[in-house]
Amino acid sequence: MQEPKGPIVQIRGLNKSYRRGGQQIPVLEDISFEIAEGEFLALMGPSGSGKTTLLNLIAGIDRANSGSVLVGGVEITSLSENELAHWRALNVGFIFQFYNLIPVLTALENVELPLLLTGLSKTERMEHARAVLELVGLSERMEHYPGQLSGGQQQRVAIARAVVTDPVILVADEPTGDLDRVSAQEVLSLMENLNRQLGKTIVMVTHDPRAASKAHMVRTLDKGILT
Amino acid sequence: MMGLMFALKIILKSAFRHKTRTLLTMGSVVIALVAFGLLRTVVNAWYAGVAASSATRLVTRNSISLTFPLPMAYKDKIRQVKGVTDVSWGSWFGGIYINEKNFFANFAVDPKSYLKLYPEYLIGPEQKAAFLNDRRGAVAGIKLARRFGWKVGDLVTLKGTVYPVDLDFVIRAIYRGKDKNTDESQFFFHWDYLNESVKKAAPERADEVGFFMEGISGPLLAPAISAQIDSMFKNSLAETLTETEKSFQLSFISMTEALLMVIQLVSFVIIAIIMAVAANTMAMTVRERMGEYAVLKTLGFGGFRIAGLIAGESMVIVMTGCILAIALTYPAAHAFRAQLGDYFPVFNINRRLFIFYAEASLLVGLVAAVFPAWKVIKTPIAEGLRRAG
């Protein structure tokens with residue numbers, strides 16, 4: 000395990016609410032915390048506690064009502080939609096519960112996808128994508144389509160896609176939620192390796208205590224309040 | 000910049016993800032464009048006579064109606080009008096060949112002057128001489144001859160409908176059109192032959208013609224010559240109406256103008272329908288893939304790139320339909336001509352139609368993609384991701 004360094008994520012006074020039927024429903028209330036570089040943080044809490052919303056705000060795919068989110072020294076709440084999209088492309092890797100691979104693309108093409116936004120040449124993109132697929136143990140499955148892969152293999156492709164741009168932070172929303180026990184264990188081991196060996200900062204939302212046990216730190220959200 | 004080849008790969012693979020739906024949409028585009036093309040060609044066929052008309056030919060008819068005759072004696076007076084170089088005359092015979100189903104246009108004309116005025120009817124010199132020298136001789140257009148299997152020397156009988164006479168003819172010549180707008184399905188014979196027969200069967204209708212055709216020395220003289228001819232016969236028993244050949248043809252078309260308007264309207268409604276079909280396909284596609292687009296947005300793909308993918312997919316479907324429609328228009332027109340060629344003797348596909356196909360398809364492809372693309376761009380990523388998986 001690498002020693003955590005200075006904060007890579009700094010959150011101050013974060014509030015988020017949704018409007019439903021003319022009513023304002025608070026989801027997150029006055030959240031402030033930091034995540035150190037190289038940290039592996041698990042966010043736990045019951046359904047509807049605001050875990051995914053907090054993850055989305057850190058990843059810059061949702062907007063807060065108020066407060067500050069500083070990631071890698073960038074105040075992302077002040078970025079425009081286009082700036083935010085560009086920032087995400089370079090700084091954030093996403094791992095979803097249902098893998099969310101593009102079904103018409105092969106594993107290799109799915110991993111190549113985020114690299115299209117980096118300005119790399121075709122050859123460079125292929126080299127990077129192949130290397131990362133080898134890293135996640137799928138060198139034999141590069142030309143397979145998602146439909147031809149098991150759930151665990153698809154999630155490993157998704158992890159490869161998340162890390163291929165060498166992002167500042169990896170965010171994972173229930174990465175083992177759709178997997179059997181063995182596959183879940185493989186995926187968690189892989190994430191653990193990414194954190195330990197490559198020093199990737201990981202923020203993971205999970206319900207699963209076994210998954211949370213892999214993290215260095217576990218924070219719990221309940222009714223929009225972080226404990 | 001997203002790799003163009005990669006984008007193209009995604010677009011092509013996505014377009015055929017739901018093969019049945021894509022093929023049905025393409026089929027709709029093909030059917031609609033071919034139907035549009037045939038309708039536009041029908042409208043053009045209607046105007047074929049106008050397109051083929053000459054600016055240096057006038058037509059004089061009875062001012063009451065075309066069904067009222069003019070005295071043959073007018074011929075000499077018309078010939079004296081300054082600027083008139085040639086005068087010919089003719090009558091609509093309206094004869095029936097075997098039965099009413101075998102309709103075709105048949106006229107009694109003054110052969111020599113008529114063929115001089117209408118050089119677009121191409122006849123070989125031997126056949127022309129044979130026609131001119133045989134009072135019972137007739138000329139048939141090549142399409143008409145093919146339709147009934149006529150050859151030079153064949154005997155043909157037409158039963159009179161306008162005149163109380165049945166006439167026997169010998170096909171002496173078969174003409175071809177000088178260009179594609181020339182009607183090759185007409186039948187001409189000697190006016191003298193008709194007049195002689197009418198003298199016996201209905202003497203009171205003898206020495207009358209349906210119309211005169213005048214060749215003039217220049218198109219700019221047409222208004223003055225027309226006015227002069229008509230003024231000569233003012234206050235007579237058979238007043239005349241002289242107009243350019245084009246106006247004469249247009250006066251026929253004006254009788255069916257409402258129908259033509261409906262056809263034109265329907266042809267554009269068809270384009271609106273394919274727009275709706277394509278837009279519906281793209282709306283369904285985007286609704287199903289909202290999660291995937293949210294993933295792309297999450298990965299950093301901006302609205303412009305995603306709109307490009309949606310528009311590209313729409314264009315692939317519609318433009319493929321357009322290419323198939325271009326390929327199928329000629330066979331469809333051939334089948335149409337085989338069935339309805341009797342009513343549309345000049346039924347030619349205008350190649351400009353294909354430019355319109357491409358323009359219409361481009362418009363349909365883009366319009367069909369606008370709303371779905373806007374919807375994707377406006378949908379928050381978090382909401383889109385909820386639909387993924």
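So the protein sequences, as listed, match chains A and B.
With the first letter of the first sequence counted as 1, position 145 gets the number 144 in numbering that gives the first Met the number 0; the numbers rise by one all the way through.
With the first letter of the second sequence counted as 1, position 169 gets the number 168 in numbering that gives the first Met the number 0; the numbers rise by one all the way through.
Here a beta-carbon is modelled for each residue, glycine too, at the ideal position from N, C-alpha and C.
Just so you know, these numbers come straight off a predicted model, no measurement behind them.
### Query
Within 8 Å (strictly less), CB to CB, does A381(B) reach chain A?
yes
### Query
Whose C-alpha, out of V68(A), V26(A), E74(A) and Y98(A), is nearest the C-alpha of A183(A)?
Y98(A)
### Task
Mark T160(B) as exposed unless 16 or more other C-beta atoms lie within 10 angstroms of its C-beta, in which case mark it buried.
Around the beta-carbon of T160(B), fewer than 16 other beta-carbon atoms lie within 10 Å, marking it exposed.
### Task
Work out the CA separation of I10(B) and Q147(A) for me, nearest whole Å.
21 Å
### Query
Is the shortest distance between the beta-carbon of D61(A) and the beta-carbons of chain B less than 8 Å?
yes
### Opening and closing residue of the beta strand (DSSP E) in which E171(A) lies
Per the sequence shown, the amino acid found at residue 171(A) is Ala instead of Glu. From DSSP, the beta strand (DSSP E) with A171(A) extends over I168 to D172.
### Query
Going straight from the alpha carbon of R39(B) to that of V28(B), what length do you get?
The alpha-carbon atoms of R39(B) and V28(B) are separated by roughly 16 Å.
### Query
Listed from N- to C-terminal order along the chain, which residues in the stretch 241-253 of chain B have their beta-carbon within a distance smaller than 8 Å of any beta-carbon of chain A?
none
### Message
Is there a Cβ of chain A sitting closer than 8 Å to that of T19(B), yes or no?
### Response
no
### Message
Am I right that I60(A) and I380(B) are in contact with their C-beta atoms under 8 Å? What's the rounded C-beta distance?
### Response
4 Å
### Message
Would K374(B) pass as an interface residue toward chain A - the criterion being a Cβ-Cβ separation below 8 Å?
### Response
no
### Query
In chain A, what lies closer than 7 Å to S13(B) by C-beta?
V103
### Query
Going along chain A, which residues have a C-beta under 9 Å from K296(B)?
I60, A84 and R87
### Query
Given that a residue counts as buried once 16 or more other Cβ atoms are within 10 Å of its Cβ, and exposed if not, what is A275(B)?
exposed
### Query
Taking any Cβ of chain A, which residues in the stretch 342-367 of chain B have a Cβ under 9 Å from it, in chain order?
none
### Message
So, at 6 Å on beta carbons, what are the nonlocal neighbours of M203(A) in its own chain, with the 5 sequence-adjacent residues on each side left out?
### Response
A41 and A171
### Query
Mind pulling the chain B residues with CB within less than 9 Å of V121(A)?
Reading the sequence as shown, one finds Lys at residue 121(A) and not Val. Near K121(A) (Cβ distances below 9 Å), the residues of chain B are G2, M4 and F5.
### Message
With a threshold of 8 Å between beta-carbons, can F93(A) be considered close to chain B, or not?
### Response
Look at F93(A): its C-beta is under 8 Å from a C-beta on chain B.
### Task
Look at F335(B) and F346(B) and say whether their C-beta atoms are less than 8 Å apart.
yes
#### Entry: DSSP-derived helix/strand/coil call for Y73(B)
helix
#### Entry: For S225(B), three-class secondary structure by DSSP
helix
### Query
How is the alpha helix (DSSP H) around L104(A) delimited, first residue to last?
Run containing L104(A): none; DSSP gives neither H nor E here.
### Message
I believe L13(A) touches L83(A) by the beta-carbon criterion, under 8 Å. Please report the beta-carbon distance rounded to the nearest angstrom.
### Response
16 Å between Cβ atoms; not a contact.
### Task
Please state whether DSSP places K213(A) in a helix, a strand or coil.
coil
### Query
Which residues, taken in chain order from the stretch 156-184 of chain A, show a beta carbon closer than 7 Å to some beta carbon of chain B?
none
### Cα-Cα separation between V86(B) and P124(B), rounded to whole angstroms
22 Å
### Query
Okay, do the stretch 160-178 of chain B and the stretch 189-204 of chain B touch, 3+ Cβ pairs below 8 Å being the bar?
yes
### Query
Measuring CB to CB, does S52(B) end up less than 8 Å from E244(B)?
yes
### Query
Which chain D residues sit within Cβ distance under 8 Å of P113(A)?
The chain inventory of the structure shown lacks chain D, comprising the protein chains A and B.
### Query
With a Cβ-Cβ cutoff of 8 Å, do I95(B) and L143(B) count as a contact?
no
### Task
Check the Cβ of L116(A) against every Cβ in chain B and list those closer than 8 Å, keeping chain order.
M1, L298, G299 and F300
### Message
I need the DSSP call for V204(A), collapsed to helix, strand or coil.
### Response
DSSP places V204(A) in strand when its eight states are reduced to three.
#### Entry: For V156(A), the nearest candidate out of M141(A), D165(A), V167(A) and I168(A) (CA to CA)
M141(A)
### Message
Taking 8 Å as the cut-off, does the stretch 294-309 of chain B touch the stretch 85-98 of chain A (at least 3 CB pairs, one atom from each stretch)?
### Response
yes
#### Entry: Within 8 Å, strictly: CB atoms of L240(B) and G82(B)
no
### Query
At what residues does the beta strand (DSSP E) containing N105(B) begin and finish?
N105 to V108
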